[in-house]
Amino acid sequence: MQAIYEGKAKRLWTTEDPHTLRMEFKNDATAFNGEKKASFEDKGRLNNAISTLIYQYLEEVGVPTHFVRKIDDTNVEVRKVEILMVEVIVRNVSAGSFSKRTGMPEGKDFSQPIIEFSYKSDELGDPLINDDYIREMGLASVEDMAHLRKSALKVNEILIALFADVGLRLVDFKLEFGRLASDPSKIVLADEISPDGCRLWDLKTGEKMDKDRFRRDLGNVMDAYREVLARLQARISE
Ligand code: ADP
Ligand code: UDP
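Here the sequence shown stands for residues 0 to 237, numbered as in the working numbering.
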């Protein structure tokens, strides 16, 4: 089978079925639009395990996703989609680029979630865009955008509760959606949900349990990912 895409953290492989892909999680980590690079032993396995638990859970509670099945430690089978070039970021608590842009310190709970969009372009550094940009750039229709917002808010509600159950505060996260290759009228949640694309803070200690440990050189990056996985496994296999 052929690798059809190699990204910063994953590879995509063809399968016998033209509508199905194998998604491989690598050990590579990048931050600041690829400027900072590292590799962590076990990262691919941990992210695959965490993302698989979350996608299975989302499917169970009625969120349509690309997830088909876990193949092995670092590979999942997914339904092939045409990715919408819009990254959907949901924020529950001020942090990261929100705090940088606004001057509001990190850690303030929002009264309602903030949804933000960025143009998925490594060349341009994923710039912040809004609904009007998306319409005029032809990235998604007005109806598609309404669907993305609704789905992102639903996923947020589900994940806030799931992570709270395991003692984690879901600060913010990034989602990607795509049109099914087998039926382009259907948009599903794609890509991954793992500590690479979420901010997760321990509810008791405030400790960061996500990629900020790498971005900010806090150390013990994989220990944090391992702890997130262990807590989710205990909760989901209950
Ligand atoms: P990046 O492209 O940002 O470096 P990754 O290394 O995570 O990111 O690469 C995975 C790529 O696969 C991403 O570009 C993502 O949009 C894409 N992708 C995720 N799920 C699917 C899917 N089901 N079908 C097709 N492409 C997908
Ligand atoms: N995020 C991501 N990929 C991106 C941009 C952001 O996964 O290309 C995630 C990031 O991990 C965080 C959330 O989206 O959980 C919000 O990120 P932010 O805009 O604060 O940017 P950052 O601090 O990563 O520059």
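All residues carry an ideal CB built from backbone N, CA and C; glycine is no exception.
- Considering only W12, W200, L169, the residue with the shortest C-alpha distance to R78 is W12.
- Around the beta-carbon of T101, fewer than 16 other beta-carbon atoms lie within 10 Å, marking it exposed.
- Following the DSSP letters along the chain, one finds R10 inside the beta strand (DSSP E) bounded by residues 9-13.
- Checking the 7 Å criterion, the Cβ of I70 is out of range of every heavy atom belonging to the ligand ADP.
- In the DSSP annotation of this structure, F31 is not part of any alpha helix (DSSP H), being labelled neither H nor E.
- In the same chain as F162, and ignoring 5 residues on each side of it, the C-beta atoms closer than 8 Å to its own belong to R168, L169, L199, in chain order.
- For G124, no alpha helix (DSSP H) encloses it, and the DSSP letter there is neither H nor E.
- Pairwise C-beta distances place the region 112-130 out of contact with the region 206-222, as fewer than three of them are shorter than 8 Å.
- Bounds of the alpha helix (DSSP H) holding M144 are 141-164.
- Under the three-state reduction of DSSP, A2 is assigned to strand.
- The ligand UDP has no heavy atom closer than 7 Å to the beta-carbon of E175.
- Contact check for I82 and A8: beta-carbon distance about 14 Å, past the 8 Å limit, so the pair fails to qualify.
- The straight-line gap separating the alpha-carbon atoms of R212 and P194 is approximately 10 Å.
- Under DSSP, Y118 forms a beta bridge with V85.
- Contact between the region 105-116 and the region 146-160 is present, with at least three C-beta pairs closer than 8 Å.
- Membership of T101 in the alpha helix (DSSP H) is indicated by the continuous run 95-101.
- Not one heavy atom of the ligand UDP falls within 7 Å of the beta-carbon of F213.
- G196 is bridged by DSSP to nothing; it lacks a bridge partner.
- The alpha-carbon of A28 is positioned some 28 Å away from that of L179.
- A direct Cα-to-Cα measurement between E59 and I157 gives close to 11 Å.
- According to DSSP, residue pairing for M22 in a beta bridge involves L11, V75.
- Of the candidates M144, R21, M103, the residue whose Cα lies closest to the Cα of D72 is R21.
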